[in-house]
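Enquirer:
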Amino acid sequence: MGWNLIRAWTFLVYMFMFLPVAVVVLLSFNASQFGSFPMTGFSFRWFVELAQNDAILRAFRTSIILGLLTAAISTTLGVLASLALVRYRVPGTNMISTLLIAPILVPEVVLAVALLLFLNFLQINKSFTLLLLGHVIFTLPFVILVVQARLVSIRRDVEEAALSLGASPRQTFFQITLPLMLPAVLAGALFAFTISFDDITGTLFWKPGGVETVPTQIFAMLRNSISPEINALGTVMILMTVGLPLLGLAIARKLSTKSGT
Amino acid sequence: MSVEAREARQPWILLSPALTAVALLLFVPLIFIVIYSFWLRTATGADQVGFYLDNWQEALTDPFYRDILLNTLKIAAITTAVCAVMGYPAAYFIARSKGNKAILLLLLMLPFWISYIIRTMSWINILGVSGAFNSTLMALGIISEPIQMLYNETTVILGLVHFLLPFMVLNVFVSLDGIDTNLEDAANSLGATRWQAFMQVTLPLSLPGLAAGGLLCFVLGAGTYITPMVLGGPTDAMFANLVFEAIITQLNWPLGSALSLMLLVVLGVLVLIYNRYLGMAQLMKGLG
């Protein structure tokens, strides 16, 4: 009896998590003028309108460029730091780990204010650069956590074998370590991109006037009323942020079965 | 340079870019806003450099700020409690289920990837004047006019629970999953009922996960300003909204600094207490 109750409860919890999102997707195909019930028919018209809306296309371009640059920088910094933490015995590892994940221990609003005011003091005004620096520092801890967790599972003896067979450290890194690390690196990059693409809390503080990312664009559109376009935009975003990691997961699984780790 | 010395230097070379970034983009800015909070904004809009206690006096003694701070903590506490009650059984089910564990876990991760702003605004589709709820009630003839259910404190809490529940479930799951099920069986065979075995063995062992999930829910909930802006009414501002207001709308940066630091100290004390008793390792498990 008890178990069935827990099962029913779990089902309800999952419904609670997904039903509202499912409604967004459902309504984005609504033929009606208004972004609400009742559904009057099935239509792609709101997606067509999205594709013709310059403001939204600009927001997408900004978000994607920002996400890619954030992922590139954050992953580079994160992978190097993770290598040091996993591969070497560094005095004070705990302290260093805590320092490196500090950006997510501080409330994001406070991080946003501190960075905005400090960089403004250094004459770096609200700009794309500020936005990028903010996203890098905010995503770095997540990259480090994800990459570190995966690096631990790579066995050292493969590298030692390469070294003992006469490969130089450089050759070993590029031909053995890096390919083995690739799933970890990709997972980190994907994570950074997704977080950057979704962020709004810090972004609203850092973005210069007139520049919108997709989340801030949605936020600005919400001020009026919920339009079918917002639901369509939401559907596209869900496809991007859910579809991409799932694809990444599939690729990572394929890569890891191929390399046998 | 000797081989050993080079070996010893290598990790620091690898660590230095990340550590430099955290120092320059987080720690120095935090120190900077401590200094900034003692400056003064003048009527002309320029900041007066110096050592003035005015901002702190305003932030700490004005009942307006105190009430909103207390209300923010109350909202975060309710949110955390609701997340625990909703999330614990679900986490238990996932940890103990045999067949669909992988798919349940994958589904649990999905909300992390769905944009926060979309999950927040999705409730307008459900509870709005022409949302799913009102349309259904009107179609059934239960009401003749739509009811305004949105834009109050309850919907703010609802939005926060929806946003934070996965953090709770995941943390409790991680801790339940690490408990040897034999312990519960042993308790049963020694004469405990299943309920007793759960209350006296499993629940205490899963408390670290519950605490980690609770801390995340509380800190993330108390630091939000988007949810009250989207789902709250004009009187439902939380403390982070005051920070946003001071920094972005009023451009009173010294006061905004003081308010940010207040939020940091209040939530930081919680993190420190947590760290003192449970350590950061549990939190890392749930995040990684």
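Heads up: the sequence lines are chains A and B, in that order.
For the first sequence, the positions run 0 to 260 when numbering that gives the first Met the number 0 is used.
For the second sequence, the positions run 0 to 287 when numbering that gives the first Met the number 0 is used.
Where is the CB? At the ideal position from N, CA and C, for every residue including glycine.
Being a predicted model, the structure only gives us computed values, none of them experimental.
Between Val184 (chain A) and chain B, is there a C-beta pair that is closer than 8 Å?
Expert: It does not; no Cβ of chain B falls within 8 Å.
Enquirer: In or out: Val268 (chain B) buried (at least 16 other Cβ within 10 Å) or exposed?
Expert: Result: exposed.
Enquirer: Could you tell me the boundaries of the alpha helix (DSSP H) in which Lys100 (chain B) lies?
Expert: That run of the alpha helix (DSSP H) goes 100-112.
Enquirer: Please determine, among B:Leu258, B:Val270, B:Gly278, B:Leu277, the residue with the shortest C-alpha to C-alpha distance to Val33 (chain B).
Expert: Looking at the Cα atoms, B:Leu258 is the closest of the given residues.
Enquirer: For Leu39 (chain B), name the three-state secondary structure that DSSP assigns.
Expert: Of the three classes helix, strand and coil, the one that applies to Leu39 (chain B) here is strand, per DSSP.
Enquirer: Please report the Cβ distance between Val108 (chain A) and Thr200 (chain A), rounded to the nearest whole angstrom; I am assuming they are in contact, meaning their Cβ atoms lie under 8 Å.
Expert: That belief holds up - the Cβ atoms of Val108 (chain A) and Thr200 (chain A) are roughly 6 Å apart, short of 8 Å.
Enquirer: Below 9 Å on C-beta distance, what does Tyr273 (chain B) contact in chain A?
Expert: Per Cβ cutoff of 9 Å: no residues; Tyr273 (chain B) is ~10 Å from chain A at best.
Enquirer: Does chain E have any CB closer than 8 Å to the CB of Ile117 (chain B)?
Expert: In summary, chain E is missing from the structure at hand, where the protein chains are A and B.
Enquirer: Establish whether the CB of Glu48 (chain A) and some CB of chain B are separated by less than 8 Å.
Expert: Not an interface residue.
Enquirer: Determine the chain B residues that contact Phe6 (chain A) at a beta-carbon separation under 8 Å, and present them in chain order.
Expert: In the sequence as displayed, the identity of residue 6 (chain A) is Arg instead of Phe. Simply Phe92.
Enquirer: Are any of the Cβ atoms in chain B nearer than 8 Å to that of Met16 (chain A)?
Expert: Judged by the 8 Å Cβ criterion, Met16 (chain A) is in contact with chain B.
Enquirer: Looking at the C-beta of Phe36 (chain A), does it have a partner C-beta in chain B at a distance below 8 Å?
Expert: Cβ-Cβ to chain B under 8 Å: yes for Phe36 (chain A).
Enquirer: State the CB to CB distance for the pair Ala216 (chain B) and Met167 (chain B), rounded to an integer number of angstroms; the pair is presumed to be in contact (CB under 8 Å).
Expert: Here residue 216 (chain B) is Cys; the residue named in the question, Ala, does not match the sequence. About 6 Å; that satisfies the 8 Å criterion.
Enquirer: Let me check understanding here. Comparing Cα to Cα, which of B:Asn151, B:Asn133, B:Pro203, B:Tyr150 lies closest to Glu144 (chain B)?
Expert: Residue B:Asn133 is the option with its Cα nearest to Glu144 (chain B).
Enquirer: Looking at His161 (chain B): is its Cβ nearer than 8 Å to the Cβ of Arg118 (chain B)?
Expert: Result yes, Cβ atoms of His161 (chain B) and Arg118 (chain B) sit closer than 8 Å.
Enquirer: Would you mind working out which of A:Leu114, A:Ala186, A:Val135, A:Leu129 sits nearest Val146 (chain A), comparing C-alpha positions?
Expert: Among A:Leu114, A:Ala186, A:Val135, A:Leu129, the Cα nearest to that of Val146 (chain A) is on A:Ala186.
Enquirer: Contact between the stretch 78-94 of chain A and the stretch 139-159 of chain A: three or more CB pairs below 8 Å?
Expert: Contact between the stretch 78-94 of chain A and the stretch 139-159 of chain A is present, because at least three Cβ pairs lie under 8 Å.
Enquirer: Using a Cβ-Cβ cut-off of less than 9 Å, give me the residues of the stretch 63-80 of chain B that come near chain A, in sequence order.
Expert: For the stretch 63-80 of chain B, which is checked against every Cβ of chain A, not one residue is closer than 9 Å.
Enquirer: Kindly indicate which residue of B:Thr153, B:Ala75, B:Tyr224 has the alpha-carbon position closest to the one of Phe243 (chain B).
Expert: Among B:Thr153, B:Ala75, B:Tyr224, the Cα nearest to that of Phe243 (chain B) belongs to B:Tyr224.
Enquirer: For a test of the three-state rule: what should DSSP assign to Trp2 (chain A), helix, strand or coil?
Expert: If DSSP states are grouped into helix, strand and coil, Trp2 (chain A) belongs with the helices.
Enquirer: What does Gln47 (chain B) pair with, by DSSP beta-bridge criteria?
Expert: B:Leu39.
Enquirer: How is the alpha helix (DSSP H) around Thr75 (chain A) delimited, first residue to last?
Expert: Note, Thr75 (chain A): alpha helix (DSSP H), 53-86.
Enquirer: Are Phe192 (chain A) and Thr39 (chain A) closer than 8 Å when you measure CB to CB?
Expert: Taking 8 Å as the Cβ cut-off, Phe192 (chain A) and Thr39 (chain A) do not qualify as a contacting pair.
Enquirer: With a cut-off of 8 Å, does the C-beta of Asp197 (chain A) fall near any C-beta of chain B?
Expert: Asp197 (chain A) counts as touching chain B.
Enquirer: So what does DSSP say about Phe41 (chain A), is it helix, strand or coil?
Expert: It is a strand residue.
Enquirer: With a floor of 3 residues, list each beta strand (DSSP E) that falls wholly inside the stretch 168-253 of chain A, ordered by position along the chain.
Expert: You should have found no qualifying run.
Enquirer: Alpha helix (DSSP H) containing Ile178 (chain B): first to last residue?
Expert: Counting along the chain, Ile178 (chain B) falls outside any alpha helix (DSSP H), and DSSP gives it neither H nor E.
Enquirer: Please state the DSSP three-state secondary structure of Asn29 (chain A).
Expert: Strand.
Enquirer: Is any beta-carbon of chain B found at less than 8 Å from that of Met236 (chain A)?
Expert: Chain B, which has a Cβ nearer than 8 Å to the Cβ of Met236 (chain A), makes this yes.
Enquirer: Pull up the distance between the alpha-carbon of Val184 (chain A) and that of Phe50 (chain B), whole angstroms please.
Expert: Rounded to the nearest angstrom, the two C-alpha atoms are 47 Å apart.
Enquirer: How long is the line joining the alpha carbons of Phe172 (chain A) and Arg88 (chain A), rounded to whole angstroms?
Expert: Distance between the alpha carbons of Phe172 (chain A) and Arg88 (chain A): 19 Å.
Enquirer: Exposed or buried, what is Trp2 (chain A) when buried is set at 16 or more other beta-carbons lying within 10 Å of its beta-carbon?
Expert: Answer is exposed; the Cβ neighbour count stays below 16.
Enquirer: May I ask which residues mark the beginning and end of the alpha helix (DSSP H) holding Phe127 (chain A)?
Expert: Where Phe127 (chain A) is concerned, the enclosing alpha helix (DSSP H) stretches over 127-150.
Enquirer: Any idea if Asn181 (chain B) is buried or exposed, counting beta-carbon neighbours within 10 angstroms, 16 or more meaning buried?
Expert: Exposed.
Enquirer: With distances taken between CB atoms, is the gap from Leu49 (chain A) to Pro102 (chain A) smaller than 8 Å?
Expert: Not a contact, by the Cβ cut-off of 8 Å.
Enquirer: Closer than 7 Å, Cβ to any Cβ of chain B: which residues of the stretch 70-88 of chain A, in chain order?
Expert: Within the stretch 70-88 of chain A, the residues whose Cβ lies closer than 7 Å to some Cβ of chain B are Leu76, Gly77, Leu79, Ala80, Leu82, Ala83, Tyr87, listed in chain order.
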